[in-house]
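Engineer: Following this message is one structure expressed as structure tokens.
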Amino acid sequence: MPQNAGIYVHIPFCASKCSYCDFYSLAGQNDLMPKYQQALLHHIAEFAPRLSDYTIDSVYFGGGTPSYYGADRIIELFEEMKKRYNVLVNSEVTVEVNPDSVNLANLKKMRRDGINRISIGVQSANDEILKFIGRRHNYAQAEKAVEMAQKADFKNISVDLIYGLPTQTREDWSDTLTKIFALHPQHISCYGLKIEENTPLYLYKNAPEIPDDDMQADMYLYAVEQLEKYGYKQYEISNFALPGYESKHNMKYWTIDEYAGFGASAASNLGNTRYTYVKHVEDYIEAVLGGGKIVAEFEEIEDYEKASEYLMLGLRTTHGISEAEYRKIYNSNFDKIEELLESYRKAGWARFKSGRWSFTPSGFLISNRLISEVIDLHISQKFNYDSPWNKRDYYETLI
Ligand code: SF4
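Heads up: the sequence shown begins at -2 in the working numbering, then just goes up one per residue.
What follows is the structure, given as structure tokens:
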């Protein structure tokens, strides 16, 4: 029976750089777009034999700014996939758009071609803040983008928001959420601002304009409460959806399902291998069209590492983790991990329901620390697992 897999296409072009962004994306290099498109089309066609045993149930065009790259190019890429791969008719097909580079005609065109999910980078409803962080749009444009997507018959619309932005108050954040609820998107992502080195915003790292950790925590918990009230169920640290609208594609990352990436710096997880393509656009074009080296990193994943990923990614979701799943991947003792999770439960950070462990909103707030403690414990057990008595083949002779 064919396996399901997702496809991710990275579009690393933007109209300009936002001051907080440390993703790999290029501004002002539109002249590279035609060659990049040619490389993507070639790569998609060339990769067909690798995906012949798979059915494709999700496609995601992310970036960068795919809407700036252009609806016609996105459609051309999707057409190539439909021609070469077994793309299921009810696949979830998402395109990320920014409010300043989207219009009704293009949305309608994409919808007609089978693209059925739009993810809009709104970030805030406060125009001053949007200007501060270098966004090219104001809130009125963001609101219009959501309305246009609805008019173009998109029934699955996601909105990205950021909290903890410079000068943002709790009232601002509350106002942003209220305005977004009024637009009735099916999915909302709320990310805490991270000030990364090598971004212009880093100058403000310890500035009074930046809400402190307590304020950020307060904003997060407030959002979780409000989203719940308006019917958006949390299914991952930063992601909330009306029932049935959880992102199928993003769930693949958190449940370690398979996906193939295309484009500069895109990652893939196929079979037991993970690999990432070269980071720079020119190198990717040269690799695909000129026969150069395309893979920058490659690793085969052993059970032990797969179990680390399972713990790390599973604990980001409200579906959480279970002993049975852990032992299925990596047949090691779960008792110590369970003891640790029990101590989190007593502290109000974790819950145990129907055989599964997951974090509460207060646990999600400090999940980096908690997850690394769980992983440390998993690592400390590697020695025991690797002893001859615990080898899986030995174990299997006993059952
Ligand atoms: S539009 Fe998105 S990818 Fe582009 S610079 Fe802004 S945050 Fe980064």
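For every residue, glycine included, the Cβ atom is placed at its ideal position computed from N, Cα and C.
If you measure from the CB of ASN95, is any heavy atom of ligand 1 nearer than 7 Å?
Structural biologist: Start at 1 with the first residue of the sequence shown, and residue 95 comes out as number 98. Yes; taking the cut-off as 7 Å, the Cβ of ASN95 has a heavy atom of ligand 1 nearer than that.
Engineer: Would you mind stating whether GLU93 and SER116 have Cβ atoms separated by less than 8 Å?
Structural biologist: Within the sequence shown, numbered from 1, the residue matching residue 93 stands at position 96. Within the sequence shown, numbered from 1, the residue matching residue 116 stands at position 119. In this structure, SER116 lies closer than 8 Å to GLU93 by Cβ.
Engineer: VAL371 lies in the alpha helix (DSSP H); which residues open and close that run?
Structural biologist: Within the sequence shown, residue 371 is the residue found at index 374, counting from 1. Per DSSP, VAL371 belongs to the alpha helix (DSSP H) from 364 to 377.
Engineer: Determine the DSSP secondary structure at HIS277, reduced to helix, strand or coil.
Structural biologist: Reading the sequence shown from its first residue, position 280 is the one you call residue 277. Residue state, collapsed to three classes: coil.
Engineer: Check whether the segment 323 to 341 and the segment 365 to 375 are in contact - that is, three or more C-beta pairs closer than 8 Å.
Structural biologist: Yes, they touch.
Engineer: What's the call for PRO46, buried or exposed, on a 16-neighbour Cβ count within 10 Å?
Structural biologist: Along the sequence shown, read from residue 1 onward, the residue named residue 46 stands at position 49. So PRO46 ends up on the exposed side.
Engineer: Look up VAL6 in the DSSP assignment and say whether it is helix, strand or coil.
Structural biologist: What you label residue 6 is simply residue 9 of the sequence shown in a count that begins at 1. Three-state result, VAL6: strand.
Engineer: Can you tell me where the beta strand (DSSP E) with ASP157 in it begins and where it stops?
Structural biologist: Reading the sequence shown from its first residue, position 160 is the one you call residue 157. Taken as a continuous stretch (DSSP letters only), the beta strand (DSSP E) holding ASP157 covers 154 to 160.
Engineer: In its own chain, which residues sit with a C-beta less than 8 Å from the C-beta of MET(-2), not counting the 5 before and 5 after it?
Structural biologist: The count along the sequence shown starts at 1 and reaches residue -2 at position 1. Answer for MET(-2): no residue qualifies.
Engineer: Note down the Cα distance separating TYR291 from ASP280, rounded to an integer number of angstroms.
Structural biologist: For this step, residue 291 is matched to residue 294 along the sequence shown. For this step, residue 280 is matched to residue 283 along the sequence shown. A small correction: the amino acid at residue 291 is Ile; Tyr does not occupy that position in the sequence shown. Computed Cα separation, rounded: 8 Å.
Engineer: With 8 Å set as the bound, which would you pick, yes or no: does the beta-carbon of ILE115 sit closer than that to a beta-carbon of chain C?
Structural biologist: Note that chain C does not occur in the displayed structure, where there is just one protein chain.
Engineer: Are SER319 and GLY352 close, meaning C-beta to C-beta below 8 Å?
Structural biologist: Walking along the sequence shown from the start, residue 319 turns up at place 322. Walking along the sequence shown from the start, residue 352 turns up at place 355. It is a contact, given that the beta carbons lie within the stated cut-off.
Engineer: State the Cα-Cα distance for the pair GLY25 and ARG348, rounded to the nearest angstrom.
Structural biologist: Position 28 of the sequence shown holds residue 25. Position 351 of the sequence shown holds residue 348. The straight-line gap from Cα to Cα measures roughly 48 Å.
Engineer: Looking only at its own chain, which residues have a Cβ that is under 8 Å from the Cβ of ASP254, when we skip the five neighbours before and after it?
Structural biologist: Here the question's residue 254 lines up with position 257 in the sequence shown. Within the same chain, ASP254 has close Cβ partners ASN1, ALA2, GLY3, MET248 and ASN266.
Engineer: Here's the rule: buried if 16 or more other CB atoms are within 10 angstroms of the residue's CB, otherwise exposed. What is GLN35?
Structural biologist: In the sequence shown, the residue the question calls residue 35 occupies position 38. Counting Cβ neighbours within 10 Å, GLN35 comes out exposed, since fewer than 16 surround it.
Engineer: Identify the continuous alpha helix (DSSP H) that holds GLY311 and give its terminal residues.
Structural biologist: Indexing the sequence shown from 1 puts residue 311 at position 314. Run containing GLY311: 300 to 311, per the alpha helix (DSSP H) assignment.
Engineer: With 16 as the cutoff for other CB atoms within 10 Å, does PRO385 come out buried or exposed?
Structural biologist: Within the sequence shown, numbered from 1, the residue matching residue 385 stands at position 388. Its pLDDT being 42, under 50, PRO385 is placed unreliably by the model, and the measurement read from it follows with that caveat. Classification for PRO385: exposed.
Engineer: Between GLU194, HIS316, LYS350 and GLU302, which lies nearest to SER329 when the distance is taken from Cα to Cα?
Structural biologist: Counting from 1 along the sequence shown, the entry for residue 329 is found at position 332. Among GLU194, HIS316, LYS350 and GLU302, the Cα nearest to that of SER329 belongs to GLU302.
Engineer: Would the segment 95 to 106 and the segment 52 to 66 be scored as touching if the rule is three or more Cβ pairs under 8 Å?
Structural biologist: Counting Cβ pairs under 8 Å, three or more are found: they touch.
Engineer: Since PRO9 and SER22 should fall inside the 8 Å C-beta cutoff, what is the C-beta to C-beta distance between them, to a whole number of angstroms?
Structural biologist: Here residue 9 refers to the residue found at position 12 when the sequence shown is read from its first residue. Here residue 22 refers to the residue found at position 25 when the sequence shown is read from its first residue. The pair is a contact, with the Cβ atoms about 5 Å apart (cut-off 8 Å).
Engineer: Could you please give me the residues that DSSP links to SER400 through a beta bridge?
Structural biologist: It is not possible to answer for residue 400, since the shown part of the chain is limited to -2 through 396.
Engineer: What residues in its chain sit with their C-beta under 8 Å from that of GLY345, if we drop five residues either side in the sequence?
Structural biologist: The residue you call residue 345 lines up with position 348 of the sequence shown. Closer than 8 Å at Cβ, skipping near neighbours: THR357, SER359 and GLY360.
Engineer: Taking the alpha carbon of LEU29 as the point to measure from, which residue in VAL86, LYS343 and HIS277 has its own alpha carbon closest?
Structural biologist: On the sequence shown, residue 29 is found 32 positions in, with the first residue counted as 1. Comparing Cα positions, the closest option is HIS277.
Engineer: Determine, using beta-carbon pairs with one atom in the segment 186 to 195 and one in the segment 220 to 237, whether at least three such pairs fall under 8 Å.
Structural biologist: In short, these stretches touch, since the Cβ pair count reaches three.
Engineer: Tell me whether CYS15 counts as near ligand 1, meaning its Cβ is closer than 7 Å to at least one heavy atom of that ligand.
Structural biologist: As a position in the sequence shown, residue 15 is number 18, starting the count at 1. Result yes, Cβ under 7 Å from ligand 1.
Engineer: Can you find the residues in the same chain that come closer than 7 Å, C-beta to C-beta, to ARG342, ignoring five residues on each side of it along the sequence?
Structural biologist: Residue mapping note: residue 342 aligns to position 345 of the sequence shown, counting from 1. Once the five neighbours on either side are set aside, the close Cβ partners of ARG342 are ARG348 and PHE349.
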